[in-house]
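S.K.: Below is the structure I would like to discuss, written out as structure tokens.
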Amino acid sequence: LSVGPSRVVVGQVIDLQGKLATRVFVVCFDSRLIFGYDPVSGRIDTRIFTGRGPHSFVVDVDRASAEPGYALGYVGHFTDSYIGVIDLDQRRPSYGSIVLTLGRPQEPRAQK
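Residue numbers for the sequence shown, in this note's numbering: 675 to 786.
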């Protein structure tokens, strides 16, 4: 992994067959990355490039039907105070990318 691992979250993604698959996500604050580790294959299957200071991370997966309709990750960016929404559906070309931001990134105010 890269510099600054600060949090580990276990969640699920939608795999290429449309089934839920477990992933271990490692949030790296200093290097602005989230790694998606597949515990079955023993490999990192994605590197998610984030904004400055990724801190909190949570995964939301549709479990209402037999085939999941969505899998999204939400990352809180501590440094610039906004949330990034990440596509966690491997069937899409946007898998592992931030597809939406909630809030407007703002640089920290200078200390007096």
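Yeah, the Cβ is synthetic: ideal placement off N, Cα and C, and Gly gets one too. Please read all numbers here as calculations on a predicted model, not as lab measurements.
DSSP three-state label for Gly-777, please.
M.R.: Coil, per DSSP.
S.K.: First and last residue of the beta strand (DSSP E) that includes Ser-771?
M.R.: First-last for Ser-771: undefined, no H or E at that position.
S.K.: Only counting the same chain, and skipping five residues up and downstream in sequence, which positions put a Cβ closer than 6 Å to that of His-729?
M.R.: These residues qualify, in order along the chain: Gly-750 and Phe-752.
S.K.: Leaving out five residues before and five after Ala-773 in sequence, what residues of the same chain have Cβ atoms less than 8 Å from its Cβ?
M.R.: In the sequence under discussion, the amino acid at residue 773 is Val, which differs from the Ala named in the question. Hits under 8 Å: Val-759, Ile-760 and Asp-761.
S.K.: Helix, strand or coil: which one does DSSP assign to Thr-696?
M.R.: The answer is strand: DSSP assigns Thr-696 an E or B state.
S.K.: Less than 8 Å between the beta carbons of Val-700 and Pro-679, yes or no?
M.R.: Result yes, Cβ atoms of Val-700 and Pro-679 sit closer than 8 Å.
S.K.: Can you find at least 3 beta carbon pairs, one from the segment 736–745 and one from the segment 718–728, that sit closer than 8 Å?
M.R.: Judged by Cβ distances under 8 Å, the segment 736–745 makes no contact with the segment 718–728, as fewer than three pairs qualify.
S.K.: Going along the chain, which residues of its own chain have a beta-carbon closer than 7 Å to the beta-carbon of Ser-705, five neighbours each way excluded?
M.R.: Ser-676, Val-677 and Gly-678, listed in sequence order.
S.K.: How many Å lie between Ser-755 and Leu-746 at the Cα?
M.R.: Computed Cα separation, rounded: 19 Å.
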